[in-house]
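Engineer:
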Amino acid sequence: MTNPSDTPATPPHRYTADLAAQIEQSWQRYWAENGTFNAPNPVGDLAAKEGAEPLPEDKLFVQDMFPYPSGAGLHVGHPLGYIATDVYARFHRSLGKNVLHTLGYDAFGLPAEQYAIQTGTHPRTTTMANIENMKRQLGALGLGHDRRRSVATTDPEFYRWTQWIFLQIYNSWFDSRQGKARRIEELVALLESGDMPLPEGYQGTYAELSPLEKQKVIDEFRLVYRSSSMVNWCPGLGTVLANEEVTADGRSERGNFPVFRKRLSQWMMRITAYADRLNDDLERVDWPEKVKTMQRNWIGRSRGAEVVFSAQGHDLTVFTTRPDTLFGATYMVLAPEHELVDTLVAGGTGTYEGVDERWAYGQPTPREAVAAYRADIAAKSDLERQENKDKTGVFLGAYGTNPVNGQRVPIFIADYVLTGYGTGAIMAVPAHDPRDYEFAQAFGLPIREVIEGGKVSEEAYEGDGTHVNSANDEGLDLNGTDKATGIARAIAWLEERGAGRGTIQYKLRDWLFARQRYWGEPFPIVYDAEGVAHALPESMLPVDLPEVEDYKPEAADPNDADSEPHPPLAKVREWVEVELDLGEGPQTYYRDTNVMPQWAGSSWYQLRYIDPTNEQEFCDIENERYWTGPRPEQHGPQDPGGVDLYVGGVEHAVLHLLYSRFWHKVLFDLGYVTSSEPYRRLFNQGYIQAYAYTDSRGVYVPAAEVEEREGEFFYQGEKVNREYGKMGKSLKNAVAPDDICRDFGADTLRVYEMSMGPLDTSRPWATKDVVGAHRFLQRLWRLVVAEETGELTVSAAAPTEDDLKALHRTIAGVREDYANLHNNTVVAKLIEYVNYLTKAYPAGVPRELVEPLPVMLSPVAPHIAEELWARLGHDGTIAFVPFPTHEERWLVDDEVELPVQVNGKVRGRITVPAEAEQQALIDAALADPKVAEHVAGKSVVKTIVVPGRMVNLVVK
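Quick note on the UniProt record's numbering: the sequence shown kicks off at 1 and runs consecutively.
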């Protein structure tokens, strides 16, 4: 699309796409050459130059969520949040604040590697090219970034510090008594003194242990540890995935490959140690309630009891939030992966003789049934297992003993029980739990009511009520009690007899922190000949990712659950096998061939933005204190500190934000930062959506090539169907910002995107509507510049009172809207003011009225604002010109216009003094000729006056 104003008859000085391009390129060069948006630090290379004014105490750190540099480039939906944060930053810069705003690139991880595999080029080649393209596209938008602070996670000087932070976490342990992380050296001192007991299974004292045993003890405490556990194995991607990277239907979020549960030895991070702080500290941050709820649900804290059932000589511990319903437990269920399953099967009956055939899963023995069942559910995600309404399971041929009544209950495995929550085992109370009820119905198991109030023969009753059928001869009697009393009595009875204890459980699982890929941060860990892990000293960082020709994982059948990981780095023998002296003389060590997940770099990048050139520290604490330290005097006594405004999509509510909070809290505990949360305020922007079109086969066709004729849509002559969805490559409805900048200018794009609607809602894109934003800028331009001559059109005339009211009301409204991220109403108010001036002064606007306009507009449309400011005779940049202030006296009306209703219908309008008394308003209403027509010959039986709003006369 071309600018409709670019015609042969276009006046020589009209604001056109060509003129916009000249202006934008010129000012972008000026900003770059003068470092306009360079924010000074208190100390270090980026500190203010000697002799400069002291840093303002009033600062702002505004940040966008780390973008991934896609090979497809940007569409106009991507910059929505970036423009909004730029507007916010520019506004606050004009308020005199020191503003830190920059943008880096989250370039490691599966997306970059998958794209490289698809295109046949090396990940580094494609990643660097993608970053350069993204810089070019975003640079054209005039974003006011401090480019000195930009980073990429793939830069060795960045991932050196990612590896360093990993080592800090690895060399730390969580002291539950103090509720914080401490250094491993402090743990060793406590173990040596005996103040910290040895873990279960170790005899004697710490000093009596062998060096290898001491290492194993320490490893049991570390915040980073290796664990042989059930993981999500994705053969199609050749790597394991975190729970959060698996879709509800058991497939990889990236690539849509099948995912299987498999036991592997992997690096884990003990994020569960921080579950309470991650949950409770949500009260201290200014985040959308929706995001807080999502995090709380993911953490899943619940109070209850661990209850011990005896099963064939083994203690089988279950977690329940309702120990008061123990008398209603008629069977038990273990997760199929539970560690006791194989043991119980081996010690069970060995056959299915004499039991309901529904318990046998069509197999002759429990062992065969377990194997068949595990194979059938291997590809199910945890979410799919929990939501599955068709209950399936297998009887193990074993029984447990209920501790409150001695009843022998059958033990099953079923996929609706997960290892990731509680103990991976439940006592089933089908009368009062819907899932247990469905399972009991499917398997013909008994249903025993223990809470009065429902018809348990028809459905599970989950409501409150008094307990029934809940007493034994050993001092436990819950009958007649309510829920709270019943729970308390049951826990006390269990603890008294050593059959259980009150406890808290979480859904949150430790963070699986390893990927069998090439394109990621190498671990700063090596192994000796005995397989013992050794952390590398900081002097050996970074551990560089080797340049390789073959970076692809070994091909595997995406549906082969039994396939094994083969990390690409394992092929680089000269890199894996190294000769090092780690304090005991030169030895041969072996590097870890896994890499960190893509979440590593994004878990701390805001701190590197603060101090990106520091070669001695990841971030000087004085710089961190200035930019993200707590400000209780400004934000209240519970202020945790952090980035002042963080803008991004709600899709990162759990993954990135939870991980980042965990890393930050460890750094806080160890004294490296003063803020206890990474992001003080979070704002979720909406999306730009667009129409998409499908042909008769259901295949998407290029939206830009679709024609509309008489309400129908055609592509290459064929009728197509229109739908509405998120803009993107897959729907072939993407619009490149390059095209809009070419046809209208970057400022027009910025104005249009900010005017489309509230920032936190999704909005429809319509290229044909962009022209409206462009015409607004043209009207603004004509207020200052004569289109035929290029000369100034402003006058020295004095403004009227109406003019001053319009100006000061615009200033007040725009200022408030900018502060609250209401950019759409900012644009609306500025359009209204420009239209007012255009109508009131067709031959030249008073300078006093027009000079504030570029300053008010500059956050949204900075290039044209700079140009107009310069043409008005000012030197330098508009970026630091103080934002206009309003005078209260111009916000108050001397007179107001009020509607007058007669029997509820508006019959006239009156103009009266703003402070008029009620009787004066009634008299004025009755004196209005139009109102008088409807009152004539009738009696006024009632008057209703709403001051400043209306007068209503009730007549008969």
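Even glycine gets a Cβ: it sits at the ideal position worked out from N, Cα and C.
1. Determine the closest residue to F776 out of A936, V827, A806, with distance taken between C-alpha atoms.
2. Could you say if the segment 174-192 and the segment 215-227 meet the contact criterion of at least three C-beta pairs nearer than 8 angstroms?
3. Taking all protein chains shown into account, do 16 or more other C-beta atoms lie within 10 angstroms of the C-beta of D195, making it buried, or fewer, making it exposed?
4. With a cut-off of 8 angstroms, do at least 3 Cβ pairs link the segment 645-658 to the segment 608-616?
5. So, V945 versus I910, is the Cβ gap smaller than 8 angstroms?
6. Between L682 and Y646, how many whole angstroms is the CB-CB distance? I'm expecting something under 8 angstroms.
7. How many Å lie between D436 and A556 at the Cα?
8. Looking at H467: is its Cβ nearer than 8 angstroms to the Cβ of I447?
9. List the endpoints of the continuous alpha helix (DSSP H) containing R322.
10. Who are residue 958's beta bridge partners in DSSP?
11. Is there contact here, the segment 6-23 with the segment 849-862, by at least three beta-carbon pairs under 8 angstroms?
12. I'd like to check one pair, T419 with H338: are the Cβ atoms closer than 8 angstroms?
13. Once DSSP output is grouped into helix, strand and coil, what is the label at K380?
14. I'd like to check one pair, Y105 with P67: are the Cβ atoms closer than 8 angstroms?
15. Identify whether Y30 lies in helix, strand or coil by the three-state DSSP scheme.
16. Taking E761 as the reference, which of N824, D738, V860 has the closest Cα?
17. Check G671 in the structure and name its three-state DSSP category.
18. Would you tell me roughly how many angstroms separate the C-alpha atoms of F108 and S602, rounded to the nearest one?
19. Which stretch, first to last residue, makes up the alpha helix (DSSP H) that contains residue 959?
20. So, are the CB atoms of D324 and K483 less than 8 angstroms apart?
21. Skipping 5 residues on each side, what residues in its chain have a beta carbon closer than 6 angstroms to that of L264?
22. Pick helix, strand or coil for V892, following the three-state DSSP scheme.
23. With a threshold of 16 other CB atoms inside 10 Å of the CB of Y421, please say whether the residue is buried or exposed.
24. In three-state terms, what does DSSP make of F166?
25. Once DSSP output is grouped into helix, strand and coil, what is the label at residue 957?
26. Among residues of its own chain, excluding the 5 on either side of P640, which ones have a beta-carbon nearer than 8 angstroms to its beta-carbon?
27. Between the Cα of R408 and the Cα atoms of G400, Q386, D415, which residue gives the shortest distance?
28. For R938, which residues of its own chain have a beta-carbon under 8 angstroms away from its beta-carbon, when the five flanking residues on both sides are left out?
29. Output the distance between the C-alpha atoms of Y605 and R147, rounded to the nearest integer angstrom.
30. Rounded to whole angstroms, what's the CA-CA distance from A927 to N903? Just pull it up for me.
31. Please report the residue range of the beta strand (DSSP E) in which S534 lies.
32. What does the Cβ neighbour count give for T162, buried or exposed, with the cut at 16 atoms within 10 Å?
33. Taking the beta strand (DSSP E) that V394 belongs to, which residues open and close that run?
34. Any chance the segment 743-752 sits against the segment 18-34, with 3 or more Cβ pairs inside 8 angstroms?
35. Sorted by chain position, which residues of the same chain lie with C-beta nearer than 7 angstroms to D695's C-beta, five sequence neighbours on each side aside?
36. Could you tell me which of E192, R322, E53, N623 sits nearest to L494, measuring between CA atoms?
Structural biologist: The relevant details are as follows:
1. Counted from its first residue, the sequence shown places residue 776 at position 776. Measuring from the Cα of F776, the nearest candidate turns out to be V827.
2. In short, these stretches touch, since the Cβ pair count reaches three.
3. Along the sequence shown, read from residue 1 onward, the residue named residue 195 stands at position 195. Around the beta-carbon of D195, fewer than 16 other beta-carbon atoms lie within 10 Å, marking it exposed.
4. The segment 645-658 makes no contact with the segment 608-616, as fewer than three CB pairs between them are under 8 angstroms.
5. On the sequence shown, position 945 is the one that residue 945 refers to. On the sequence shown, position 910 is the one that residue 910 refers to. Result no, Cβ atoms of V945 and I910 do not sit closer than 8 angstroms.
6. By 1-based counting over the sequence shown, the position of residue 682 is 682. By 1-based counting over the sequence shown, the position of residue 646 is 646. Contact holds; Cβ gap of about 5 angstroms.
7. As a first step, residue 436 is located in the sequence shown; it is residue number 436 there, counting from the start. As a first step, residue 556 is located in the sequence shown; it is residue number 556 there, counting from the start. Those two C-alpha atoms are separated by around 38 angstroms.
8. Position 467 of the sequence shown holds residue 467. Position 447 of the sequence shown holds residue 447. In this structure, I447 does not lie closer than 8 angstroms to H467 by Cβ.
9. The residue labelled residue 322 in the question sits at position 322 within the sequence shown. DSSP places R322 in no alpha helix (DSSP H); its state is neither H nor E.
10. Limits of the chain in this structure are 1 at one end and 956 at the other, which puts residue 958 out of reach.
11. Touching, no.
12. Working through the sequence shown from its first residue, we reach residue 338 at position 338. Working through the sequence shown from its first residue, we reach residue 419 at position 419. At the C-beta level, H338 and T419 come within 8 angstroms of one another.
13. Against the sequence shown, residue 380 aligns to sequence position 380. K380 falls in the coil class under three-state DSSP.
14. As a first step, residue 67 is located in the sequence shown; it is residue number 67 there, counting from the start. As a first step, residue 105 is located in the sequence shown; it is residue number 105 there, counting from the start. In contact: P67 and Y105 (Cβ atoms closer than 8 angstroms).
15. For the purposes of this step, residue 30 is identified with residue 30 of the sequence shown, where counting begins at 1. The answer is helix: DSSP assigns Y30 an H, G or I state.
16. For this step, residue 761 is matched to residue 761 along the sequence shown. Residue identity check: residue 761 is Thr in the sequence provided, not Glu. Of the candidates N824, D738, V860, the one whose C-alpha sits nearest the C-alpha of T761 is N824.
17. Counting from one through the sequence shown, the residue named residue 671 turns up at place 671. Reduced to three states, the DSSP call for G671 is coil.
18. Mapped onto the sequence shown, residue 108 falls at position 108. Mapped onto the sequence shown, residue 602 falls at position 602. Distance between the alpha carbons of F108 and S602: 10 angstroms.
19. The first residue shown for the chain is 1 and the last is 956, placing residue 959 beyond what the model contains.
20. For the purposes of this step, residue 324 is taken as residue 324 along the sequence shown, with counting starting at 1. For the purposes of this step, residue 483 is taken as residue 483 along the sequence shown, with counting starting at 1. Yes.
21. Within the sequence shown, numbered from 1, the residue matching residue 264 stands at position 264. The beta carbon of L264 sits closer than 6 angstroms to the beta carbons of V231 from its chain, once the five residues preceding and following it are set aside; these are given in chain order.
22. Translated into positions along the sequence shown, residue 892 becomes position 892. In the structure shown, V892 sits in coil (DSSP, three-state: anything other than H, G, I, E or B).
23. Within the sequence shown, the letter at position 421 stands for residue 421. With 16 or more other Cβ atoms within 10 Å, it is buried.
24. Position 166 of the sequence shown, counting from 1, holds the residue named residue 166. The three-state secondary structure of F166, taken from DSSP, is helix.
25. With the chain covering only 1 through 956, there is no way to say anything about residue 957.
26. Numbered from 1 along the sequence shown, position 640 holds the residue referred to as residue 640. By the criterion of a C-beta distance shorter than 8 angstroms, P640 is surrounded in its chain by D281, R284, V285, P630, S675, S676, E677, R680, once the five residues flanking it on both sides are discounted.
27. Numbered from its first residue, the sequence shown carries residue 408 at position 408. Cα-wise, what sits closest to R408 is G400.
28. Sequence index remark: in the sequence shown, residue 938 carries index 938 (1-based). Per the sequence shown, residue 938 should be read as Lys rather than Arg. Counting only Cβ-Cβ distances below 8 angstroms, and skipping sequence neighbours, we find V955, K956.
29. On the sequence shown, position 605 is the one that residue 605 refers to. On the sequence shown, position 147 is the one that residue 147 refers to. For Y605 and R147, the distance between alpha carbons rounds to 15 angstroms.
30. The residue you call residue 927 lines up with position 927 of the sequence shown. The residue you call residue 903 lines up with position 903 of the sequence shown. Rounded to the nearest angstrom, the two C-alpha atoms are 17 angstroms apart.
31. Here residue 534 refers to the residue found at position 534 of the sequence shown. The amino acid occupying residue 534 in the given sequence is His; Ser does not appear at that position. For H534, the uninterrupted beta strand (DSSP E) segment begins and ends at 533-535.
32. Residue mapping note: residue 162 aligns to position 162 of the sequence shown, counting from 1. With a threshold of 16 other beta carbon atoms within 10 Å, T162 meets it and is buried.
33. Locating residue 394 in the sequence shown gives position 394, counting from the first residue. Its beta strand (DSSP E) spans residues 393-401.
34. Contact between the segment 743-752 and the segment 18-34 is present, because at least three Cβ pairs lie under 8 angstroms.
35. Here residue 695 is taken as the residue at index 695 of the sequence shown, counted from 1. Excluding the 5 residues flanking it on each side, D695 has same chain C-beta neighbours closer than 7 angstroms at V701, Y715, E718, V720, in chain order.
36. Position 494 of the sequence shown, counted from the start, is the residue given in the question as residue 494. That would be R322, whose Cα lies nearest to the Cα of L494.
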